[in-house]
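Here the working numbering is used: position 98 in the sequence shown is 103, and no number is missing along the way. Even glycine gets a Cβ: it sits at the ideal position worked out from N, Cα and C. Quantities reported herein were computed from a predicted structural model and do not represent experimental measurements. Inspection log for the structure reproduced underneath, given as structure tokens.
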Amino acid sequence: MLNDLDSPMEAMAKFKSALSEAAGRSSHAFHLMVLSTIGHDGPRSRMLVLRGFVEDRFDLIAYTDRRSEKVKELTANPDCALHFWDAQRKVQIRIQANAELLVDGAEVQRLWDGISDRGRGDYAAANAPGTPLISESVGSWHSNSDEGRKHFCVLSFRARRMDLLQLRREGHMRLCFGFDEEGRVEQAEFVQA
Ligand SMILES: Cc1cc2nc3c(=O)[nH]c(=O)nc-3n(C[C@H](O)[C@H](O)[C@H](O)COP(=O)(O)O)c2cc1C
Numbered sequence: 006m007l008n009d010l011d012s013p014m015e016a017m018a019k020f021k022s023a024l025s026e027a028a029g030r031s032s033h034a035f036h037l038m039v040l041s042t043i044g045h046d047g048p049r050s051r052m053l054v055l056r057g058f059v060e061d062r063f064d065l066i067a068y069t070d071r072r073s074e075k076v077k078e079l080t081a082n083p084d085c086a087l088h089f090w091d092a093q094r095k096v097q098i099r100i101q102a103n104a105e106l107l108v109d110g111a112e113v114q115r116l117w118d119g120i121s122d123r124g125r126g127d128y129a130a131a132n133a134p135g136t137p138l139i140s141e142s143v144g145s146w147h148s149n150s151d152e153g154r155k156h157f158c159v160l161s162f163r164a165r166r167m168d169l170l171q172l173r174r175e176g177h178m179r180l181c182f183g184f185d186e187e188g189r190v191e192q193a194e195f196v197q198a
């Protein structure tokens, strides 16, 4: 994806378009990302689905259960990191971000309304994620998926820094960006890989 002829802003345009496409297509390598947070006893990482990408603000959107550990961790400390890897194109994206947690309002409702009945069921379990299960309740799943609305949480990650790495036989390439508070690029430079 990165090549010698691209200026930093041309490369940025390519990555923005890749992330937009990835949010809407489950087969795209960037549809899955690893979110790392700072837990009370050290760093924690887990996979999330990229559900949306707001190009002009460089906001990455994911959904989760508001009762989950990651929500507690991001509430205590919104500093976090996102990681993507495209094995076919041999591209790594590392993003340092600030997380905003959204549970109310018209936009959250609009996103909830766009989720399938099956998808809504993911938020409808009576137990919070991580709750130890006694054998009778293993696999418990609410048929009333609207129950999940009160547990639904949108995670909006505002990028602060982004580090792109393209592995290549002829020499790896690495490009770093810094963003301002509104998500505009304020710094861009190729660095030694
Ligand atoms: C491929 C894959 C995709 C996942 N997508 C999500 C997701 O979009 N949202 C989510 O909350 N958890 C997702 N999970 C589960 C999380 O990785 C994690 O196990 C769960 O959210 C509990 O994390 P926590 O205890 O750190 O909050 C996904 C797991 C896998 C393996």
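So, Ala104 versus Phe182, is the Cβ gap smaller than 8 Å?
no
Relative to the C-alpha of Pro83, which residue among Glu74, Glu152, Asp91 is closest?
Glu74
Can you tell me whether Pro83 sits near ligand 1, meaning its C-beta is under 7 Å from at least one heavy atom of the ligand?
no
Can you tell me where the alpha helix (DSSP H) with Ser25 in it begins and where it stops?
13-29
In the DSSP assignment, what are the bridge partners of Gly44?
Gly47
Backbone secondary structure at Val76 - three-state DSSP
helix
Environment of His156 [buried if 16+ CB atoms lie within 10 Å]
buried
Note down, in chain order, each residue of its chain lying with its Cβ closer than 7 Å to the Cβ of Ala198, except the 5 sequence neighbours on either side.
Leu170, His177, Met178, Arg179
Could you check where the alpha helix (DSSP H) with Arg125 kicks off and where it finishes?
122-126
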